[in-house]
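So the structure is just underneath, and the comments pick up after that.
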Amino acid sequence: MRFLQAIKETFVPSSITTRQGTDVLPPKPVLPYILIALTLMTLLAAQVTDFSLIVLIQRLFNFQLGPWGIVKRFFPVDWAYWPEVIAPILETIQMSFLGTLIGSILALPAAYLASQNLTKNKWVVNGVRTTLAVLRTLPILIYAVFFKLIFFLGALPGTIAIAVFTFSIVAKMLYERIETLDMKAYYAIESTGATKLKSFLSALMPEVRPIFYSLSLYAFEINIRYAAILGYVGAGGIGFILDNAMKNLPQNTRTIVILAFIFVTVVIIENTSRLLRRRLA
Amino acid sequence: MSDNVQKVLRQEPTHKLRNSLIILFILAMTVWSILAIDYQGVNDLGVTVVRNIARFLVWPDSNPNNPVIAKYLFSLERFAVPYLMLETIMIAFIGTLLGAFISIPFAFLSSKNIVGEKRSLIGATVITMVRTVPIFIWGIVFIRVQGGAMAGVLAIAVSSIGMISKLYIEVIEDIDEGILEALDSTGATAFQKIRYGIIPQLTANFLSVSIYRFEINVRNATILGLVGAGGIGFTLIDALGSFNFGIVAVSLWGIIPVVLLIEYFSTKLRARLT
Numbered sequence: 000m001r002f003l004q005a006i007k008e009t010f011v012p013s014s015i016t017t018r019q020g021t022d023v024l025p026p027k028p029v030l031p032y033i034l035i036a037l038t039l040m041t042l043l044a045a046q047v048t049d050f051s052l053i054v055l056i057q058r059l060f061n062f063q064l065g066p067w068g069i070v071k072r073f074f075p076v077d078w079a080y081w082p083e084v085i086a087p088i089l090e091t092i093q094m095s096f097l098g099t100l101i102g103s104i105l106a107l108p109a110a111y112l113a114s115q116n117l118t119k120n121k122w123v124v125n126g127v128r129t130t131l132a133v134l135r136t137l138p139i140l141i142y143a144v145f146f147k148l149i150f151f152l153g154a155l156p157g158t159i160a161i162a163v164f165t166f167s168i169v170a171k172m173l174y175e176r177i178e179t180l181d182m183k184a185y186y187a188i189e190s191t192g193a194t195k196l197k198s199f200l201s202a203l204m205p206e207v208r209p210i211f212y213s214l215s216l217y218a219f220e221i222n223i224r225y226a227a228i229l230g231y232v233g234a235g236g237i238g239f240i241l242d243n244a245m246k247n248l249p250q251n252t253r254t255i256v257i258l259a260f261i262f263v264t265v266v267i268i269e270n271t272s273r274l275l276r277r278r279l280a
Numbered sequence: 000m001s002d003n004v005q006k007v008l009r010q011e012p013t014h015k016l017r018n019s020l021i022i023l024f025i026l027a028m029t030v031w032s033i034l035a036i037d038y039q040g041v042n043d044l045g046v047t048v049v050r051n052i053a054r055f056l057v058w059p060d061s062n063p064n065n066p067v068i069a070k071y072l073f074s075l076e077r078f079a080v081p082y083l084m085l086e087t088i089m090i091a092f093i094g095t096l097l098g099a100f101i102s103i104p105f106a107f108l109s110s111k112n113i114v115g116e117k118r119s120l121i122g123a124t125v126i127t128m129v130r131t132v133p134i135f136i137w138g139i140v141f142i143r144v145q146g147g148a149m150a151g152v153l154a155i156a157v158s159s160i161g162m163i164s165k166l167y168i169e170v171i172e173d174i175d176e177g178i179l180e181a182l183d184s185t186g187a188t189a190f191q192k193i194r195y196g197i198i199p200q201l202t203a204n205f206l207s208v209s210i211y212r213f214e215i216n217v218r219n220a221t222i223l224g225l226v227g228a229g230g231i232g233f234t235l236i237d238a239l240g241s242f243n244f245g246i247v248a249v250s251l252w253g254i255i256p257v258v259l260l261i262e263y264f265s266t267k268l269r270a271r272l273t
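Protein sequence lines correspond, in order, to chains A and B.
So in numbering that gives the first Met the number 0, the last spot in the first sequence is 280, and the numbers never skip.
So in numbering that gives the first Met the number 0, the last spot in the second sequence is 273, and the numbers never skip.
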């Protein structure tokens with residue numbers, strides 16, 4: 000009975016009588032319900048994905064057939080391979096840079112059209128926002144596969160895919176920031192008879208510019224890591240040799256060299272970008 | 000009055016040299032980057048591809064010989080879109096859940112206010128290493144545990160650790176220690192201090208981070224199929240490659256609304272949490 004009472008208390012706590020004699024009803028608990036929902040969801044997910052902790056543990060400690068079997072083949076690391084990694088990693092950087100540049104520049108007018116405080120036409124605002132939201136739903140890799148069909152293999156489809164992705168996220172983050180800006184200077188200039196675009200350029204642009212640079216740098220940070228996998232579908236960059244190194248048994252020892260190059264590149268770019276962004280803020 | 004304004008304006012540093020150097024650098028980078036691209040014109044098939052994708056997106060059954068709506072969009076078979084999307088979401092869900100739990104020790108061991116400035120660097124480096132390994136590598140490695148969706152779950156979990164623990168660390172380093180001192184003064188035990196002083200400060204933010212990552216993971220889970228790690232990715236990428244535009248269209252009809260809905264609810268939920 001005590002047990003049942005405890006269960007009832009967790010879901011519907013009974014009122015507490017204070018020393019003054021008033022009854023106080025404690026707040027309705029939500030946590031138990033959330034936990035139950037999460038557990039059910041997890042069970043369903045485990046069912047759908049065939050996930051099993053037992054298999055996981057068995058396999059993790061099976062050093063022959065388990066994941067360690069693959070990792071073991073990466074050694075001894077073939078460090079002599081490094082000169083051949085330089086060209087693809089540079090291509091990855093080139094693709095990310097150009098893609099980020101194009102995407103960010105296109106994002107600026109899109110953000111202007113999607114900001115409620117700048118564009119008064121509801122249809123335009125909602126139209127641009129919906130387009131951006133739909134573009135954001137697909138990962139870069141899918142765009143890369145798509146553009147690869149239109150253009151030929153190589154860096155071009157990858158660059159365009161990165162540009163589309165950058166466009167969709169930078170424009171979104173930018174219009175969210177533009178909407179929080181102080182509009183007084185804008186209205187002041189507009190009241191002198193300046194056009195809307197001119198008022199925007201002289202009143203808001205000085206504030207938008209550092210935000211825009213910062214967001215573009217942030218997108219560049221993200222893109223460099225996505226660009227590393229575009230080669231898997233033949234859209235240029237380091238992913239191509241990484242895919243080959245993983246697929247061909249004799250080349251397996253090259254994997255760590257390539258990963259090390261990606262690591263160093265990402266660390267250098269992220270730290271430089273963060274330094275710059277801190278100065279912009 | 001106007002003269003004074005002009006004078007002050009002229010005294011402001013203009014950063015002319017710095018700005019032109021930056022512009023020069025960006026221009027140089029742009030020119031260098033364009034060198035990587037060898038434009039060979041538009042593929043002969045390109046125009047057909049675009050036209051067909053547009054046509055099938057509007058009406059996936061545009062090819063009368065291969066009706067796809069009934070067979071792939073409204074069917075509960077395992078090869079049809081609803082099941083594949085369910086699988087994709089579930090991979091992301093359980094992967095994020097696992098990643099969110101694995102990240103907790105990682106984050107505590109890399110927080111400056113817990114282990115000190117120097118030792119936190121070790122943790123931060125490990126986290127960065129895990130983060131820079133592309134998701135496909137994790138997928139391929141974990142296929143050795145079990146092919147299909149479970150490999151996807153593990154790949155999502157491990158590749159989430161980087162971002163989740165980085166954001167966790169920010170939350171942990173923001174802990175208000177005044178609350179712990181106040182609890183100390185009431186004579187609370189270590190366990191009570193954790194239960195009433197630390198956990199309430201972390202839960203909401205940790206949850207918010209995990210929900211945000213779930214949103215990203217759903218998108219990531221749509222490409223894992225490329226390496227055989229489950230989800231809708233294989234169907235979509237394979238159909239794109241083999242010009243099976245009907246399947247491409249129904250897959251996109253599955254992905255786009257689902258991801259939009261998840262993004263919408265995730266934003267709503269996170270706004271309530273913080």
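Note that CB positions come from ideal geometry on N, CA and C, so glycine has one too.
Rounded to the nearest angstrom, the Cβ distance from B:Ile90 to B:Gly229 is 6 angstroms, consistent with a contact under 8 angstroms. For B:Pro59, the number of other beta carbons within 10 angstroms of its own is at least 16, and it is reported as buried. Of all residues in the stretch 241-252 of chain B, none comes within less than 7 angstroms of chain A when Cβ atoms are compared. Interface residue (Cβ-Cβ distance to chain B less than 7 angstroms): A:Ala244 is not classified as such. Per DSSP, the unbroken alpha helix (DSSP H) holding B:Tyr167 starts and ends at Ala148 to Glu172.
In this structure, the beta-carbon distance from A:Ile223 to A:Ser95 falls below 7 angstroms. Excluding sequence positions up to five before and after A:Asp77, its CB lies within less than 7 angstroms of the CB of Thr252, Arg253 and Val256, all in the same chain and listed in chain order. Relative to the Cα of B:Leu44, the nearest Cα in the group A:Lys147, A:Gly20 and A:Leu216 belongs to A:Lys147.
Contact note: B:Asp37 reaches chain A through Gly153, using a C-beta cutoff of 7 angstroms and chain order. Inter-residue distance for B:Phe205 and A:Glu189 is about 44 angstroms (C-alpha atoms, whole angstroms). If you check the CB distance, B:Ile222 and B:Gly232 come in under 7 angstroms. For B:Ala99, the enclosing alpha helix (DSSP H) begins and ends at Val80 to Leu108.
Of the other Cβ atoms in all chains shown, fewer than 16 fall within 10 Å of the Cβ of A:Phe10; this residue is therefore exposed. Under the 7 angstroms criterion on CB atoms, B:Gln200 is classed as non-interfacial with respect to chain A. When the Cα atoms are used, B:Gly161 and B:Ala123 turn out to be separated by approximately 9 angstroms. Per DSSP, reduced to three states, the secondary structure at A:Val84 is helical. Around the beta-carbon of B:Tyr71, 16 or more other beta-carbon atoms lie within 10 Å, marking it buried.
With contacts defined as CB atoms closer than 7 angstroms, B:Val226 and B:Ile139 qualify as a contacting pair. In the displayed model, A:Ile15 falls within a strand according to three-state DSSP.
Boundaries cannot be given for A:Gln250, as no alpha helix (DSSP H) includes it and DSSP labels it neither H nor E.
Here A:Val266 carries a helix assignment [DSSP, helix/strand/coil]. Against B:Gly147, the close residues of chain A are Asp49, in the order they occur along the chain (beta-carbon pairs closer than 7 angstroms).
Contacts with chain B at 7 angstroms (Cβ-Cβ) include A:Ala227. Look at B:Val67 here: in three-state DSSP terms it is coil, with no helix or strand label. Under the Cβ distance rule, B:Ile93 counts among the residues neighbouring chain A, one pair being separated by less than 7 angstroms. Taken atom to atom, the span from the alpha-carbon of A:Leu112 to that of B:Ser207 is near 30 angstroms. Between A:Ala132 and A:Val169, the C-beta gap is not smaller than 7 angstroms, which leaves the two residues out of contact. For B:Pro12, not one C-beta of chain A is nearer than 7 angstroms to its own C-beta. Between A:Ser272 and A:Leu216, the alpha-carbon positions lie close to 6 angstroms from each other.
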